[in-house]
Amino acid sequence: MTTIAIMVSGNGSNMEAICDHVINKDLEADIAFVASDNTDAPALEKAKRKNIRTVTLPYRTKGRKEAETLLCRLLEEGNVDWLILAGFMKLLSSAFVSEYRDRIVNIHPSLLPSFPGTTGIEDAWNYGVKLTGVTVHLVDEKMDNGPILAQEPVRIEKEDTLSSLTEKVHRTEHELYWKTLSSLFRGKLEYVDRRSR
Ligand code: GRF
């Protein structure tokens, strides 16, 4: 069985969707823990309600180096195979990424490489594109940059508002993430990376 840990910073709707599919057993995985850099993340309460172990990493009090040292320890102790970022708003250090190369996955609310950064949905909306979407990718040293595992388009219709688009993108994320992870964990996912990273 694949063991995962999930990293969050805020709301946790993607974390929740993944956990629900694990609990329903349509995603075969064990969840070692959900970790947050932010003590106040609503995601932590949501995970606790599902009886999943939660951890707050001491980013605020002790800084990134110590937070990542603790994270490495927890990943080793839990024999974690994959680290799943689900709205985790901190950039992992190069040292950490190279230690866990090709074992960290992230979801981003746009069709990368368009609209990287923390406001992907708003940026696509403000630009006026007709098509945006969701990307699931491996994490490398740069933000929103690693090899793409899966993408799903979301069309922006005439009647959409920023709020209806945001809802559509999140709904798409909640389906695409667990399905991509399921293929990845079963060794069924092929991806091409023609860029030098
Ligand atoms: C999602 O849009 C995800 O793509 C991005 O951060 C947002 C997190 O939302 N990385 P939630 O915390 O999962 O609700």
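Just so we're aligned, residue 47 is where the sequence shown starts under my numbering, counting upward by one. Just so you know, even glycine gets a beta-carbon here, dropped at the ideal spot from N, CA and C.
Which residue comes first and which comes last in the alpha helix (DSSP H) that contains residue i?
i, result
"residue 110", "110-123"
"residue 143", "140-145"
"residue 215", "208-231"
My output table needs one value for residue i: the three-state DSSP class, helix, strand or coil.
i, result
"residue 134", "coil"
"residue 66", "helix"
"residue 75", "coil"
Between residue i and residue j, is the Cβ-Cβ spacing less than 8 Å?
i, j, result
"residue 185", "residue 131", "yes"
"residue 235", "residue 73", "no"
"residue 134", "residue 54", "yes"
"residue 200", "residue 180", "yes"
"residue 129", "residue 146", "yes"
"residue 60", "residue 198", "no"
Could you tell me the boundaries of the beta strand (DSSP E) in which residue i lies?
i, result
"residue 179", "177-184"
"residue 195", "194-201"
"residue 167", "No beta strand (DSSP E) contains residue 167, which is instead part of the alpha helix (DSSP H) from 166-173."
"residue 51", "49-54"
"residue 152", "150-154"
"residue 101", "100-102"
So is the beta-carbon of residue i under 7 Å away from any non-hydrogen atom of the ligand GRF?
i, result
"residue 54", "yes"
"residue 183", "no"
"residue 67", "no"
"residue 179", "no"
"residue 192", "no"
"residue 189", "no"
"residue 64", "no"
Once the 5 residues before and after residue i are set aside, which same chain residues still bring their CB inside 8 Å of it?
i, result
"residue 162", "154, 156, 189, 190, 191"
"residue 98", "65, 77, 79, 80"
Considering only residues of the same chain and omitting the five flanking positions on each side of residue i, which have a CB-CB separation below 6 Å?
i, result
"residue 102", "82, 85"
"residue 140", "187"
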